[in-house]
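For reference, the structure is listed below as C-alpha cells.
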Amino acid sequence: MQQVVLDIIRPHVNEESDTIRSSARFQSLKAFTSIHGVGSATARQLYSIGIRTIQDMEQYYDVPIADDGTPVLPEDQIIYTPNGQRVPTSNKIPDLDIKVALVLRHDFAVSISRSEVEEMHNLVMAELEEIQPGWASTIVGGVFSFRYRRGKSESNDVDVVITHPDVRGGGEKLRGLRKRSVERLYERGMLSQISNVPD
41 MQQVVLDIIR
51 PHVNEESDTI
61 RSSARFQSLK
71 AFTSIHGVGS
81 ATARQLYSIG
91 IRTIQDMEQY
101 YDVPIADDGT
111 PVLPEDQIIY
121 TPNGQRVPTS
131 NKIPDLDIKV
141 ALVLRHDFAV
151 SISRSEVEEM
161 HNLVMAELEE
171 IQPGWASTIV
181 GGVFSFRYRR
191 GKSESNDVDV
201 VITHPDVRGG
211 GEKLRGLRKR
221 SVERLYERGM
231 LSQISNVPD
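Take 41 as the starting number for the sequence shown in the working numbering and just add one per residue.
See below:
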C-alpha cells in the first residue's frame, strides 16, 4: 500500500499513468475535449466509432473547409452588413454546437487582454442598464479567467457575476435577465453564437 501512495504522490514515477497519458487513445480524447461542448462522454463515443483526430471530427460533423484548409461557417449562418455588423437571419439565436465550436476553435484559443476583458464587462453592464438599471457586477474567475483575478495581463474567457443590491426584490429582477440580455446583445449584433442559455 505504501508503494501505491508513493507512486501517486511522486511526479512522473507512475509507469501506468505515463503509459496511459502517452497512448493514442488518451491523446485523441484529450484533443476532442479541447473542443467547446465536447465532454468526456462525447469524446469516448467519438473514439468508439473510429474518430481519432480533430480532422476526423471535422469530417464527421461535416464542417466546411476553405481552399486554404481552414474550417469556415456556412455562408447562410452569419451575414454581415457593409459596415461589419451581423444581421440576424432569424429570431432564434444560433446555439454554439460542436460543428461551430470546431470552426471557432482557433479563435477560442486566442488570449484576451485585460483591457478587452474590462471592455466586454463594461459593454454587458451598459446593456443591462438599458434593460433594467441598478445592477452590480464583478469580473470573476472560472477555470481560465481566474488569470484575470490574479492580475495576469491576458485571459482566455470573461466570466461576470451579476447581482442586484435590492435585497427584497433583486431575485425577482434577476428572473429571465440572462435570456433577455443575451437576446438584446444578439439583436444588436454583439453576439453571433451562444451556449447554455435556458429558455
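Just so it is clear, CB atoms sit at the ideal spot from N, CA and C, and this is done for glycine as well.
- Residue state for V201 is assigned as strand, using DSSP reduced to three classes.
- Excluding the 5 residues flanking it on each side, I152 has same chain C-beta neighbours closer than 6 Å at S195, in chain order.
- Put simply, the backbone Cα of L225 is about 14 Å away from that of E159.
- Bounds of the alpha helix (DSSP H) holding I171 are R154 to I171.
- Bridge partners of V180 according to DSSP: D199.
- In this structure M97 is buried. Its beta-carbon is surrounded by 16 or more other beta-carbon atoms within 10 angstroms.
- Residue burial is scored here from C-beta neighbours: K70 has fewer than 16 other C-beta atoms within 10 angstroms and is therefore classed as exposed.
- Rounded to the nearest whole angstrom, the CA to CA distance from I234 to D197 is 14 Å.
- The C-beta of A83 has 16 or more other C-beta atoms within 10 Å across all chains shown, which makes the residue buried.
- About 15 Å separates the beta carbon of R61 from that of Y87, a gap too long to meet the 8 Å contact definition.
- Taking C-beta atoms as the reference points, I171 and S232 fail to come closer than 8 Å.
- Around the beta-carbon of H146, fewer than 16 other beta-carbon atoms lie within 10 Å, marking it exposed.
- Non-local C-beta neighbours of L214 in its own chain, meaning closer than 7 Å and more than five positions away in sequence, comprise H204, ordered along the chain.
- Residue environment: V207 is assigned as exposed (fewer than 16 neighbouring CB atoms within 10 Å of its CB, all protein chains considered).
- Straight-line measurement puts the Cα of W175 at about 12 Å from the Cα of V200.
- Setting aside the 5 residues that flank it on each side, H161 is surrounded in the same chain by I179 and V200, each with a C-beta closer than 6 Å to its C-beta; the list follows chain order.
- In the DSSP assignment, I105 forms a beta bridge with P111.
- Counting along the chain, no alpha helix (DSSP H) covers L231, and no H or E run does either.
- Short of 6 Å from the beta carbon of I94, and not among the five residues preceding or following it, lie these beta carbons of its own chain, in chain order: A71.
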